[in-house]
Every structure is written in C-alpha cells, then in structure tokens.
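Notes follow once the structure below has been shown.
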Amino acid sequence: MFSEDRLAGYPLRQSLLAGAKGLQIFANRGVVDWMSRPDRYLVLCEGRGGRIYAADECALEEAQQMVRDAHGAKVVMRKPEIHTYVDLDLDALVEPVMFLRIKSPHAYAKDILAELSGREARILEKDMQRYELIVRAEGRLANLMGLTRKIGSLACGSAAVWTWLHRYERAMAAPSPGVETRDPTSCTNGSP
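Taken in order, the sequence shown gives residues 0 to 191; the numbers are from numbering that gives the first Met the number 0.
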C-alpha cells in the first residue's frame, strides 16, 4: 500500500520506556501486545521498551490512555513522532498526508474553513447540506497536528472530525509558520 514497511500505515509513533518500577513490563512480549487494536493502533515490544504505532491523532490518544490505564507510572512515554522514510523510487524523504472529513453546523463553517486554510489543507469538496457543512480535505500530518481539538473548540464540540492516512509524498522542510505542532494528547470527537 505505502511501502514494504508493514507499519507504514501508522504514521504517528511514540516510544515507551519502562520506568524504575516497570522493568518487567517489556520482558514478556504478551504484556503489551494484547493492548493493540490493529485498525487504530499497535502497541509493540521493541527490545527493552515498546512503541505505539497509531493511525491518527485520536488513535494515539486512545493508545496512550490504554497504556496509562494498564501500567500507570511504570511506563514513561516519549514525545510522539511523525513517521517519515526514504522512498527509494523517488530517492527522497516522504511524509504522511492525511485525508480529512469534517461535519459541522453552518454557524462554524467560516472559522473551520479559515483554520484549514491556515494549516495549508487542500479543500477537495465543500458540501453545504441543509443543516451542516461537510468538508473533505487533505493535508500534511505535520500541519494537521492538533486540528481535531482546535475544530472541537471552534465549533463548541458540535463538529465531528475523521482523519486517516491517504498517502506518503515528498516531505517539505518543516511545518508551515504559525501551525501548532503540539504533542497529540487529546481528541474531542470520534473517528470513522
């Protein structure tokens, strides 16, 4: 689908380390692997630690909560990372591009469209239905970090945002100026 890497479909990654009281957690592979939901995220052992592989921001938050519920302070979570790799066919670094579907009441359409524009999301379709706006768009994951929370805030919790990995494409140098690139730790709406 994306590359030979079976984990390329999970563009968000987060390293897990055993704290002082949790050294045995990653010694037995089954202790963390059972937490995986392959359609959303994987939690895998990798040597003396583990790693979360998440399909999107909300899936990462869900996996983080699962690890916290299961192991509490025994596991230390590193800062999340966006997966990039060198595509040998392109001879270039590639990064994830996400597809978005947003459903919101008309009252918040202007603010939501402005937010998407500020994050350099490419609007593919705007459908003004009777009571709501449906937007389909795509954008670099680096620019979209925190978007679900921001749209939830702009629409007072009345918008729904779905995201999924669309493709990998040639990487740009850095997120666009003014784009929030915080740790993905919260999500206000569901996923597909």
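Ideal Cβ placement from N, Cα and C applies to all residues, glycine included.
Any idea what DSSP makes of Cys57, helix, strand or coil? For this step, residue 57 is matched to residue 58 along the sequence shown. It is helical.
Can you give me the C-alpha to C-alpha distance between Arg129 and Met144, rounded to a whole angstrom? Reading the sequence shown from its first residue, position 130 is the one you call residue 129. Reading the sequence shown from its first residue, position 145 is the one you call residue 144. Whole-angstrom Cα-Cα distance: 30 Å.
Name the two residues that bound the continuous beta strand (DSSP E) containing Leu92. The residue given as residue 92 occupies position 93 in the sequence shown. Taken as a continuous stretch (DSSP letters only), the beta strand (DSSP E) holding Leu92 covers Ala91 to Pro104.
Applying the 10 Å Cβ sphere with the 16-neighbour rule, what's the burial state of Lys125? By 1-based counting over the sequence shown, the position of residue 125 is 126. Label assigned to Lys125: exposed.
Which of the three DSSP states, helix, strand or coil, is assigned to Asp182? As a first step, residue 182 is located in the sequence shown; it is residue number 183 there, counting from the start. Its pLDDT being 38, under 50, Asp182 is placed unreliably in this model, and the value from its coordinates should be taken loosely. Looking at Asp182 - three-state DSSP - the assignment turns out to be coil, as it is neither helix nor strand.
CB-CB under 8 Å to Ala54, same chain, minus the five flanking residues each way: which ones, in chain order? In the sequence shown, counting from the first residue as 1, residue 54 sits at position 55. Result list for Ala54: Gly8, Tyr9, Pro10, Leu11, Asp38, Arg39, Tyr40, Trp163 and Leu164, in chain order.
What is the DSSP secondary structure of Ser35, reduced to helix, strand or coil? Indexing the sequence shown from 1 puts residue 35 at position 36. Of the three classes helix, strand and coil, the one that applies to Ser35 here is coil, per DSSP.
Per DSSP, which residues does Ala136 bridge with? Please list them. Within the sequence shown, the letter at position 137 stands for residue 136. Per DSSP, Leu99 and Ile122.
The beta strand (DSSP E) that contains Ser14, what's its start and end? Your numbering for residue 14 matches position 15 in the sequence shown. Here the beta strand (DSSP E) through Ser14 covers Leu11 to Ala17.
For Thr162, write down the residues that DSSP places opposite it in a beta bridge. If you number the sequence shown from 1, residue 162 lands on position 163. According to DSSP, which records beta bridges pairwise, Thr162 is partnered with Leu99.
Quick one: residues in its chain with C-beta nearer than 8 Å to the C-beta of Leu123, no 5 flanking neighbours on either side, listed in chain order? Taking the first residue of the sequence shown as position 1, residue 123 is located at position 124. Only Arg135, Ala136 and Glu137 meet the Cβ criterion.
Kindly confirm or deny that the region 151-171 and the region 90-105 touch, where touching means at least three C-beta pairs closer than 8 Å. yes
For the beta strand (DSSP E) containing Leu43, list its first residue and its last residue. Here residue 43 is taken as the residue at index 44 of the sequence shown, counted from 1. It spans Tyr40 to Glu45 - the beta strand (DSSP E) in which Leu43 sits, taken as one unbroken run.
By the three-class DSSP mapping on this structure, what secondary structure does Gly117 have? The residue given as residue 117 occupies position 118 in the sequence shown. In this structure, Gly117 counts as helix in the three-state DSSP scheme.
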